[in-house]
Amino acid sequence: MGYNPKEIEKKWQKIWEDEGAFEPLEDQSRDKKYILSMFPYPSGRIHMGHVRNYAIGDALARYYRKRDYSVLHPIGWDAFGMPAENAAIKHKLHPGKWTYENIDYMRKELASLGFSFSKSREFATCDPLYTRWEQEFIIKMFEEGLLYRESTTVNWCEPCHTVLANEQVEEGCCWRCGTEVQHREMPGYYIDIVKYADELLDDLKLLEGKWPNRVLTMQRNWIGKSQGLEFSFELSEESRKKLGGKFESYQVFTTRPDTIYGVTYSALAAEHPIVKYLIEHQLLDPDTAEAISRIANSSERDRAQAEKEGYPLGIDVIHPLTGEKIPVWTANFVLASYGGGAVMAVPAHDERDFDFATQYGLPIKRVIEGGETLPYTGTGALIESGRFSCTESADAKEAIINIFEERGIGKGTTNYKLRNWGVSRQRYWGAPIPFVHCDDCGLVPEKVENLPITLPEDVEITGEGNPLESHPTWKQCLCPQCGKEARRETDTLDTFVQSSWYQFRYATDPKKWESEGIDREDANYWLPVDQYIGGIEHAILHLLYARFFTKVLRDMGLCDVDEPFERLLTQGMVLKDGAKMSKSKGNTVDPDALIAKYGADTARLFILFAAPPQKELEWNDSAVEGAFRFIKKLYGRAEKATHRELPAIEHSKLSAASKEARAKVYDALKKSTDVYESSFAFNTLIAACMEALNALDKQEDEAVWSEGVYIILNLLEPIIPHVASELSERLFGRANLSVTIPLLDEVFVQDSVTLAVTINGKKRTEITVSAEASKEEILAAAREAGSKWLEGVSLIKEIVVPGKLVNLVVKPA
RNA sequence: GCGGCAGUGGUGGAACGGUAGACACGCUACCUUGAGGGGGUAGUGCCCUACGGGUGUGGAGGUUCAAAUCCUCUCUGCCGCACCA
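FYI, the numbering for the first sequence is 20 to 832, going by our numbering.
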C-alpha cells in the first residue's frame, strides 16, 4: 500500500491531541528537559525559518520524551508590535482582531507540521492576563529604583512614530523600517540595565562552550566595559571668569592614565554645557559658533563619517599633575553620551587625538617608549612623566590612579558602552505603562488591584500620533495615591519587555496563571531552559534583555535562576538562490504548499538533512524530492519486518551482508545519542539511517530486517514522527517508540578486518586479515602487499593502528 | 580598525590527528515503461601514456610515523561592533 502522507499525518495529529501527548508531566520529581524555540511574531503565515526553528526544537523534545524525561516544549505568540498597527491602518481592522486571527491561522499551520507543543501553556503576550503580570513587574522595578522616568535625548523614528532603544538602532537607522533616526529631547521610561552590566558581563563565562562564541563576543562588545581614571580638569582663573563663574571644572575619563603627562589639549563634545554656554553668551566668533551648532545638530551617524572637525574655545584647564595650562577645544569626534562628553587628548598615543592634533597643528608629546612611529598606542616604559618616568604602563596606571584618589581629585572607575534601556513607545498596540501623572503627587504607579491597565477598544488607528493620547476618555483617571483627577500614562512598553520573561510564564503551571505571574517553585524546576533555539539576529537585543530580566526577577525573589538559557543554538537562515527568503525578493517557498505536495514529514526531513542546523540552508527543490523518495522507500521496505518485536539474533550465523547491515543499523543507533544530546548534526544521523536502510536492502534475513526497521523508526521518530508512528504501530504496536534500545557489542565484532596499507602516510593498498591477527601477522601481510613499494628503500618504522591501517615508514636506501 | 565565524567535487555536505569526498542532489550510460513520471543497475574530485599511476581539502611554512583536522603566517568571503577616550 502506497505512502499517503495526508492521511497518516491527519490521523496521527488527532491521536496525539487525544492522548494529550505533548503536555509535560505533573510530577516534579522527574528528570526534566525544557526545550524552547523562540516564539514567533504572528505576522500572518509561517515561513521556512519557522519550520526550521521548530523542526529542530521538536526533534529534541520528542527525543527526550522518548528517553522518559518530563518535557516542556511550549509555544506562544510575541503578539504586540507595529505590524498589527500598520495592518490596522491599511485594512481598517482593529490590531487585536488582526493579531488573534493570525494566531489562529498560524497555530493550524504549526499543527499541520506535527510539532509537539504543549497546548495548555500557549498564550499571546497581548493577552490581558499576561499584561497584568508584566505591569506588576514594571511597578516593582519602579519601587526598587530600577525603572525611572527621565527627559533626555532619544532615538526617534518618524515613520514608526516612536522612540527606539539604543539596541534597536542599527547603523543610525531604525531596525524595523530602516529610516535614519532623529535625536529628540523627550521624556520616557528607562530601565537601569547598566546596574547589572557587571553581572551580565561576568556571567557570560558561565555560558562559554554552551552558547556560540560569536554571541558571547557580541554581548561582551555591546556591554563594552572599560576601566580607567575619571578626574576633573580645573578651569584656569581667566577661563572661569570668562564663563561667568558658572563652571569650575569638568569631568573626563581615560583608560590610559599612564599617558597623562602627554596631554596637550582637551576636547569637549559639541553638546557639552560649557560649549553651550559659550555659544549662548556669544563668547565665540559667530562663524565658529555656527559651525559648532551645526555639529551639535548633526546625527551621530553623520558625525562618525565626517572628517575630524574642531574649534578652539579660547579657554584652558590646568593639568592636574604638572600645573601646565592646557587649551580646550571642541571636536566632532567627542561623544556627548560617553565619559562625560569630554576627553583629555594625548596625540602621541591615541590615533584620534593624533589625527586631530596633526590637522590643527597642536603639539604632540611622546611619554611612552616603544613603536617606531607615532601615534604609538601600545604600552611601555614612561618617559618625561615626572616621578613616573621609567615606570611600566601597567604599574604607572595603578600608581597614577592612586595619586588622584589620595589627593581627592579623581578616582579609578568603570565605564560601559551599554546604556539604560529605554522602554517607552509612543504606540497603541503594546502593554500600557501602568503609571499615572498627578498634579499633586507627581508620577504614581497604578494600584496592583487595578491591573491590568488594558487598551481601549474604540480607537481608530491612523498612524498619526498616539491613539491613546487622542482618545477622548481613556487618559482620564483618578490618582491612586490622593484620589484626585489625574492623567494616565499613554506610552506603551517596548515589545522586548514581553519576550524577556515569557520563558518563566511557560514554566508556571497554567492553573496558577490567574493568581501568579511566575511561580517560584515551577520556575526553579523548569528553568533554565535546557536548549534554546533561535535566529542569530537576536544575539544582542532579546538575549541580553532576557538575561537581564532573569537576574531582576531573581532579585525580586521570583526564582533562583541566574541565567535563563543553559544552551543556545543559533540556527542559520533559509536561503533561496543565495538570498534570504523574503516576499519582496519573491524567492519564498510556502510551507503550506510544500506540506500539501509532500507532507509534513518530508518538509521536516529535508530541512534537517540539507545542512547542519547552525549553517545557512540553501533551498533545493530536487533535494526535497530526495527526502520524499527516502520516506517512500522506508515505507515500502518496512514490510520486510515480519517480527512483531525486537528479535533475538544469533549474529555469528548471519551472512556477511546481514552482518554488515546490522553493523550499519547499530552505527546509526550509536550516533543518535551524540546527535540528539550534543552535536545536533541531524544531517549525519539521517545519513546513517539511509546507509543502514541501503545495507539492509542488500540482505534478506527477516530477523535482521525486523531489527533494523525497529531501530530506524525509533531513531527517526523525532524527525519524521507521522511516518514513524504509522509504521511502528502497524509493525510493533509502537513498542519500539517508547524504549531505549541497548547497543549490542557483538554487532561490531567482525571476523576479518580490512586495513589500509600506507607508505609514509600515503595509502597504497589494502589487506584483509582475521580479526584476531597478531601485530606480527598484520605487519607480515602489509609488507607482502606493499612489497612493490619496498624495493630499493629501507624500512625504518612500522606502525599498526588497530582496525584502521598499517603505516610503513621508508627512506631511500 | 577591532572582534567572531567559515573556506573540502558540478551542488548541499561527511570525515575521535589514522583509507578525504560518507549520505544526498545533479549528471552519464544501460534496464524497465507506449511516452512522461516512477523504479532499478553501474559510473561520477582532477590529471596522465588509464586492468596502472600521479595529484588533491584557499595559499606558504611548521609539528607528527601520519594533518582537511594541531601551530605560525597569509589570502578570500560572511557576520557583528565601530571616532566609546
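Glycine included, each C-beta is placed from N, C-alpha and C at the ideal position.
In this structure, Pro114 places its C-beta atom within 8 Å of the C-beta atom of Trp448. About 4 Å separates the beta carbon of Asn439 from that of Tyr209, a gap short enough to meet the 8 Å contact definition. Taking 8 Å as the cut-off, the Cβ atoms of Phe58 and His92 do not count as close. Secondary structure at Cys179: coil, using DSSP grouped into helix, strand and coil.
Listed in chain order, the non-local C-beta contacts of Ser674 below 8 Å within the same chain comprise Gln718, Asp720, local neighbours out to five positions each way being set aside. Per DSSP, Leu814 is one residue of the beta strand (DSSP E) stretching across 812-820. When the five nearest sequence neighbours on each side are left out, the beta carbons in the same chain lying within less than 6 Å of the beta carbon of Asp579 are those of Asn543, in order along the chain.
In the DSSP assignment, Val70 falls outside any beta strand (DSSP E) and within the unbroken alpha helix (DSSP H) covering 67-85. Between the region 518-526 and the region 451-466 there are fewer than three inter-stretch CB-CB distances shorter than 8 Å, so the stretches are not counted as touching. Straight through space, the alpha carbons of Pro346 and Asp335 are spaced by roughly 4 Å. In chain order, Lys794, Ile797, Leu798, Val825 place their CB closer than 7 Å to the CB of Val819, counting only its own chain and leaving out the 5 sequence neighbours on each side. Across the structure, Glu227 and Asp221 are spaced so that their CA atoms are roughly 11 Å apart. Cys496 carries a strand assignment under DSSP once its states are collapsed to helix, strand and coil.
Buried is the label assigned to Glu582, since at least 16 other Cβ atoms lie within 10 Å of its Cβ. As for any alpha helix (DSSP H) of minimum length 4 sitting wholly inside the region 752-829, the runs are 794-804, 806-809, ordered along the chain. Scanning its chain for C-beta atoms nearer than 7 Å, with the 5 sequence neighbours on each side dropped, one finds around Phe99 the residues Thr144, Cys145, Trp448, Gly449, Ala450, Thr514, Gln517, in chain order. In this chain, the alpha helix (DSSP H) harbouring Leu563 covers 560-574. Scanning Glu658, Thr410, Pro382 for the CA closest to the CA of Glu745 turns up Glu658. Between Met67 and Val593, the beta carbon gap of about 4 Å places them in contact (Cβ cut-off 8 Å).
With 16 or more other CB atoms across the displayed protein chains lying within 10 angstroms of its CB, Ser89 is buried. Per the C-alpha coordinates, the member of Asp620, Ala646, Arg623, Asp549 positioned closest to Leu587 is Asp549. Between Asp510 and Gln445 the beta-carbon gap is near 6 Å, inside 8 Å, which marks them as a contact. Each of Ala598, Val766, Ile705, Ile422 was checked against the Cα of Glu726, and the nearest Cα belongs to Val766. The Cβ atoms of Ser131 and Ile739 lie no closer than 8 Å to each other. Secondary structure at Lys52: strand, using DSSP grouped into helix, strand and coil. Between Leu577 and Arg524, the CB-CB gap reaches or exceeds 8 Å. Setting aside the 5 residues that flank it on each side, Ala286 is surrounded in the same chain by Trp348, Ala350, Val353, Val362, Ala364, each with a C-beta closer than 6 Å to its C-beta; the list follows chain order. In its chain, beyond the 5 residues on either side, Ile108 have a beta carbon closer than 6 Å to the beta carbon of Gly482.
Taking a C-beta distance under 8 Å as the contact criterion, Pro491 and Leu470 do not qualify as a contact pair. Taken in chain order, the unbroken stretches of alpha helix (DSSP H) that lie wholly in the region 312-393 and span 4 residues or more are 319-324, 370-379. Following the DSSP letters along the chain, one finds Ile210 inside the beta strand (DSSP E) bounded by residues 201-210. Minimum Cα-Cα distance from Asp211 among the listed residues Phe568, Asp764, Thr703 corresponds to Phe568.
DSSP places Leu487 within a helical segment (H, G or I) once states are collapsed to three. The C-beta separation of Gly133 from Ala619 comes to about 5 Å, placing the pair in contact by the 8 Å criterion. Annotated three-state conformation of Ala286 is strand, per DSSP. Ile314 counts as buried, since at least 16 other C-beta atoms from the protein chains shown sit within 10 angstroms of its C-beta.
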